[in-house]
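Written out below as structure tokens is the structure these notes cover.
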Amino acid sequence: MGQRDVQEKTVPGRGAVVLALRRYVRELLRLRRLALPALLLPAVGNIGIRYVAPLLIAKLAGRAADGDGLTLASALPYVLGFGAVLLLAEAVWRVGQHCLNRVDALGMEHLYVIGMDELFARDAAFFHDNFAGSLTKRVLSFGRRFEDFVDTVTYRIVGSLVPLVFGAVVLWRYEPLLVVGLLGMIGLTVAGATPLIRRRQRLVNDREAAVARVSGHVADSLMNMETIRAFAAERREAGEHRRRVAESRRLTLRSWDYGNLRVDTLVAPMSVLTNVLGLVVALAFGGPGLGVEGIVVAFTYYSNATQIMFEFNQIYRRLESSMTEAAQFTELLLDPPTVLDPAEPEPLAPQGTGVRFEAVTFAHAGAKPIFRGLDLDVPGGARIGLVGRSGGGKTTLTRLLLRMADLDAGRVLIGGQDISRLRQTDLRSLIAYVPQDPAMFHRSLRENIVFARPGATDAEIRAAAEAAHVTEFAEQLPDGFDTLVGERGVKLSGGQRQRVALARALLRDAPILLLDEATSALDSESELLVQDALWRLMEGRTALVVAHRLSTVAGMDRLVVLDHGRVVEQGTHAELLAAGGAYARLWQHQSGGFLAEDESEDQDQDEDEDVNGQGREGAGPAGPSVQPGPPEASAALDRR
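Going by this note's numbering, the first residue of the sequence shown is number -8, and it counts up by one from there.
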């Protein structure tokens, strides 16, 4: 029914479930000094409450049934023993709960950290293929579900099975057939209920998929509320929400009804039959020696044991639910990251800041190669402009330098060092990067700038902000530099976000600078303000500047024209105009205002670069009138 019904896989494979189980068990082993008492002490408490205390009552009843009768003095030891057992069981329970609380808390903390470490280790392509909201839910569920897993194992499994073993030993002393009958009935119930529970789990999976569709639509609508209102689509989206909620309700009732009408209708009669069987065995095979005490013990122990039959469904559901959610995260880990640090990384010791691409071949997964044997040399301290039509590979080149993806062949060198032999953190410490769409954290303006260098002083932060003309609008904000910029910087305009990104790059003070359409969101006035900051930022640094607006790179030391992954021209602005080739045609097109349709097709999948309309600031054969570079470059262009 269209795009709205596209959904992510909600039921992970067996390998992911096994991996999640291993992670959880490993966590229990790591915390074994706390985990062992946490798992066992509640079971010991259950033995006292469910089996030892009723045993004392049974003995008291047996004593009362004797011909001698029962007096307060003769009953007092049983009463005191009964109270002491319950108090001791509660104390043991509290100690076990104390340990369990710490196992849950420490385990979840560690798993939250592990989960984020695993995500930080993923390469850039991983995040292109997964929704941020989905990843957030998965990584948080991976940690949070550890509590459900451990609590289920502690209370429902160990807390039931260990007391059951104790009860079986006691019953064996009275009559072995009581044990045989009890375990036999439990086994039959489990065998009959298991296929029904598995069928119900498939219904639960359908229900959870419907819930995921509801939450996905809610998140999508909230993130795009302005678009919904702009197109007056509130009623349509509300109708879609009602449809999804109704489907979720239908599938939820189906799973609930199946549990009530199919699973429980099998378990309930088996439970009743088991209790009746226990009494029959106690009366028929107990013999005269069993007496009232044995009958009370058999009835009480059977009643306690049959609770496991009712809990079996819930135990299975809880474990299945917790492991399924945890496995939705571990499923992401089955495919290892493609960009890894070398096993034995070289120390960072570049000889200069020159950048060289040697015989580079690269293609995105499943796509045609963007580069085939590309060679490009950028001397240290040079300011290089990367220009060309969309799809030429300009942005991809900057991403390869950042090692956001690995090459298929060839190598990239910085100062003579192969970047694939360096730690990724060491490599990126050499680079300040300003993307076309700057990322903003939902933090204060100050925190967004200082992100580039956390140890920077207030004076350094302000100096960078002034150089990037951030102070001009920051002082107008309600809380100045302490103003929260909103999710993805929604409270700032596009031009303001780019100025913040430039301030961040200035504060980074790295020897290599990558600018990817760093002025694309600026109006002409803002661009004039930022141009001088850009040129000061590039002083003494190796700079690679991607631009469609050619005025921003016309004053560079050298321009490199890329087309379909090939270098088709190189030279200064004047040399390329004189050559009358691809660059001259691009310059002429921008002077006229728009690129021709046949000149702007074949867009690269990782570039979202808009050429149209970039050259309207100026008209005529001289090209755009926006200041293209440093003062001397601007004067030269005016003379032309």
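Where is the CB? At the ideal position from N, CA and C, for every residue including glycine.
In the structure shown, L468 adopts coil according to DSSP, grouped into three states.
For the set Y103, S262 and N215, the Cα lying nearest the Cα of T127 is the one of Y103.
When the beta-carbon positions are compared, I405 and L421 come within less than 9 Å of each other.
Here the segment 552 to 566 does not lie against the segment 409 to 416, with fewer than 3 beta-carbon pairs under 8 Å apart. In the three-state reduction of the DSSP assignment, D507 falls in the strand class. Excluding sequence positions up to five before and after V536, its CB lies within less than 6 Å of the CB of G376, L506 and V544, all in the same chain and listed in chain order. In the DSSP secondary-structure assignment, Q561 is bridged to V551.
Scanning the segment 371 to 447 for uninterrupted alpha helix (DSSP H) segments of 4 residues or longer gives 385 to 392, 415 to 419 and 436 to 441, listed from N- to C-terminal end.
Between the segment 392 to 407 and the segment 460 to 478 there are fewer than three C-beta pairs closer than 8 Å, too few to call the two in contact. DSSP places F222 in the coil class of the three-state scheme, outside both helix and strand. Beyond the five residues adjoining it in sequence on each side, R245 comes within less than 7 Å, by CB distance, of L194 in the same chain, given in chain order. Taken in chain order, the whole alpha helix (DSSP H) runs of length 4 or more contained in the segment 164 to 216 are 167 to 214.
In terms of Cα proximity to I306, the closest of V144, D368 and E81 is V144. A residue is called buried when at least 16 other Cβ atoms come within 10 angstroms of its Cβ; G269 meets this threshold and is buried. In this structure, H101 keeps its C-beta atom at 9 Å or more from the C-beta atom of E199. Under DSSP, E349 takes part in a beta bridge, and its partners are R402. By the C-beta criterion, the segment 91 to 98 is judged to be in contact with the segment 16 to 31, since at least 3 inter-stretch pairs fall below 8 Å. Distance check between V330 and each of A396, L131 and E457 places A396 closest, using alpha-carbon atoms only. The C-alpha of D142 is placed about 10 Å away from the C-alpha of A29. In the structure shown, D57 falls within a coil segment according to DSSP collapsed to helix, strand and coil. A289 carries a helical assignment under DSSP once its states are collapsed to helix, strand and coil.
By alpha-carbon distance to P360, the top candidate from A275, G6 and G384 is G384. Rounded to whole angstroms, the gap between the alpha carbons of A569 and F442 is 44 Å. Inclusion of A201 and R235 in the CB contact set at 9 Å is warranted, their separation being smaller than that value. Assignment of D368 by DSSP, reduced to helix, strand and coil, places it in the strand class. Considering only N266, G4 and A82, the residue with the shortest C-alpha distance to A34 is A82.
Beyond the five residues adjoining it in sequence on each side, A44 comes within less than 7 Å, by CB distance, of F73, V76 and L77 in the same chain, given in chain order.
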